[in-house]
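What follows is one structure encoded as structure tokens, with my remarks underneath.
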Ligand code: SAM
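Residue numbers (my numbering): 349 to 632.
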């Protein structure tokens, strides 16, 4: 009998993925975790009924979460990833030669262990890199307590229905702001504007209270069904999201022009061009 796994994120819209082979299906200390093979998306991990990562399209989400803020910042040395236990964002951060230290704070150590076992190509050695530090802790607590200052903070967390889902908590964003070095950038996984409009509107609304510049950018990841994914963006300098293609090309060349599958300087600049229905959420 075929097994179909249903995504249960949205109230009135559901998709099902065929599990050709289930590799893991169990409750961790924090959440329900299933990993399975699917003909169209490759290997897929879902947490609490929500697609997190698939081997066929992970490059879109991970490249766009890391390279847009790192190239915009231009000289990020100390980077914090909150969540991100699959290691994909960490892998992309480490491709920046200036990033001398990358801390990954993941609440659920079993996500890291299972992803290292079943998705080794996603972290691709990033967890063993000398520049990497892994902290198993609630990211909200970590940023509240840390004395460190980070140039870029990337919130690669689950939607706010998960174990800790960091988004939508003003105190958390305020702590992120405090943990940013001057000139720092905060980027958050902010859901699908079409189906999760209030999530983006609320996050960017909080950013506006805390930062000089609050915005979002978008990228289409096929396995996040229902819209392009939005990334929340907060910094104190709106120049950081207004560089020209030429300026980003120059920074990319200076970083060694490493190969990418989705991000490039033109995509980088275009990602900030938001359609009006998203601008309405971001500028409300
Ligand atoms: N790209 C994904 C998506 O579709 O939203 C998110 C990646 S997934 C690896 C997100 C990770 O965030 C999960 O491993 C989850 O355990 C972790 N997470 C959730 N809440 C967290 C928190 N409060 N602190 C640290 N990690 C958290």
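Don't be surprised by glycine CBs; every beta carbon is placed ideally from N, CA and C.
- With respect to the 7 Å criterion, residue 538 and residue 551 are classified as neighbours on the basis of their beta carbons.
- Using a Cβ-Cβ distance cut-off of 8 Å, the region 416-435 and the region 500-509 are in contact, since at least three pairs of beta carbons, one from each stretch, lie closer than that value.
- Taking each of 476, 597, 525, 452 in turn and checking the Cα distance to residue 482, the smallest one comes out for 452.
- Relative to ligand 1, even the nearest heavy atom lies 6 Å or more away from the CB of residue 590.
- Of the candidates 554, 580, 614, the residue whose Cα lies closest to the Cα of residue 541 is 580.
- Rounded to whole angstroms, the separation of the alpha carbons of residue 351 and residue 536 is 33 Å.
- Check the Cα spacing between residue 427 and each of 408, 488, 412, 533: the tightest is with 533.
- Exposure of residue 349 is indicated by the presence of fewer than 16 other C-beta atoms within 10 angstroms of its C-beta.
- Judged by DSSP secondary structure, residue 412 falls within the alpha helix (DSSP H) whose first and last residues are 406-421.
- Taken in chain order, the whole alpha helix (DSSP H) runs of length 4 or more contained in the region 484-559 are 487-493, 518-527, 545-558.
- Under the three-pair Cβ rule at 8 Å, the region 445-462 counts as touching the region 482-493.
- Counting the other CB atoms within 10 Å of its CB gives residue 478 a total below 16, which places it among the exposed residues.
- Here residue 525 is buried. Its C-beta has 16 or more other C-beta atoms within 10 Å.
- Distance from the Cα of residue 578 is smallest, within the candidate group 560, 613, 620, for 620.
- As the crow flies, the alpha-carbon of residue 408 is around 6 Å from that of residue 569.
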